[in-house]
Amino acid sequence: MSAPGRFVTLEGGEGVGKSTQLKALAAALRARGLDVVETREPGGSPGAEAIRRLLLHDLDWTPEAEALLFAAARADHVARTIRPALEAGKWVVCDRFVDSSVAYQGGAGGLGFETIWRLHEAGSHGLKPDRTLLLKLPESEAARRADDRDTAGKDLIGGRGTDYHAAVVAAFDRLAAEEPDRYRTVDASGAPVEVTDLLVTALEDLLP
Ligand code: TYD
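Under the working numbering, the sequence shown has 163 at position 181, and the numbering climbs by one with no breaks.
Next up, the structure:
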């Protein structure tokens, strides 16, 4: 039997470099001979990508509806993309997952952590990553990088105020403290290759 698949997620506030690091991390894992699926949220399956457009570009939802839409997108993504890949023994690396819902909708959005975990249980049978890598930058540096990246304008959630985004960062810190076995916090302020090395090191105990 092949080695079991592993599920790794990258998390963090805006502008911490997750998307760049996701590609680099996937390449580093492939170089070790692993079969890697790269995916992202909201999105990662046709249905979830359709919900992504509704969430980020079309309308301004109530907090409850927003949380349900993220959970619905995730349910489809888990059933259609993530679980099949894990069952086939692949590694899945995902740009954001349920922890983003807990931090954004649950923490900053005010619905509370528990509500989001309940939605996740109902929608995705409570699937949790084997490892969640939390990328951290000083707040001023993250804001500068996010502004540089978003010259074409921010999406609806990225464009929320500094208080909202500070609450997101605080919620991620709380999550990392609550689940130290699953979480690793990684300093994202170095050169991209240095950050990728730190990410691989934070997976060392899971690697075959
Ligand atoms: P994206 O363009 O992927 O942004 P980023 O590069 O910051 O990851 O847009 C995702 C946005 O959606 C981002 O602002 C975070 C937010 N989001 C939530 O609010 N809840 C969630 O569950 C997820 C997955 C994302």
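Even for Gly, the Cβ is constructed at its ideal location relative to N, Cα and C.
Near the ligand TYD: residue i beta-carbon under 6 Å from a heavy atom
| i | result |
| --- | --- |
| Phe154 | no |
| Ile139 | yes |
| Arg78 | yes |
| Tyr86 | yes |
| Glu(-4) | yes |
| Phe201 | Nothing about residue 201 can be read from this structure; the chain reaches only from -17 to 190. |
| Pro66 | no |
| Pro174 | no |
| Glu103 | no |
| Glu(-7) | no |
| Phe(-11) | no |
DSSP-derived helix/strand/coil call for residue i
| i | result |
| --- | --- |
| Lys72 | coil |
| Asp42 | coil |
| Glu48 | helix |
| Asp262 | This structure leaves residue 262 out entirely; the chain is present only between -17 and 190. |
| Phe(-11) | strand |
| Val(-2) | coil |
| Met(-17) | Its pLDDT being 45, under 50, Met(-17) is placed unreliably by the model, and nothing is read from it. |
| Leu157 | helix |
| Lys5 | helix |
| Asp77 | strand |
| Ala23 | Note on residue identity: the sequence assigns Glu, not Ala, to residue 23. It is coil, neither helix nor strand. |
| Arg14 | coil |
| Arg100 | helix |
Local Cβ density within 10 Å of residue i, reported as buried at 16 or more and exposed below that
| i | result |
| --- | --- |
| Thr183 | exposed |
| Arg14 | exposed |
| His39 | exposed |
| Gly106 | Here residue 106 is Ser; the residue named in the question, Gly, does not match the sequence. Result: buried. |
| Asp12 | This sequence places Arg at residue 12; Asp is not what is there. Arg12 comes out exposed. |
| Glu(-7) | buried |
| Gly172 | exposed |
| Arg113 | buried |
| Ala30 | buried |
| Ala170 | buried |
| Asp77 | buried |
| Val177 | buried |
| Leu93 | buried |
| Pro111 | buried |
| Thr(-9) | buried |
| Thr144 | exposed |
| Ser122 | exposed |
| Met(-17) | Note that Met(-17) has pLDDT 45, beneath the 50 cutoff, so the model's placement of it is unreliable and no number is given. |
Original post:
Touching or not, the segment -14 to -1 and the segment 68 to 80, by the rule of three or more beta carbon pairs under 8 Å?
Top reply: yes
Subject >> Inter-stretch contact at 8 Å, needing at least 3 Cβ pairs: the segment 51 to 64 / the segment 21 to 36 >> reply: yes
**OP:** Evaluate contact between the segment 115 to 135 and the segment 87 to 101, counting only Cβ atoms and requiring at least three cross-stretch pairs below 8 Å.
**Re:** no
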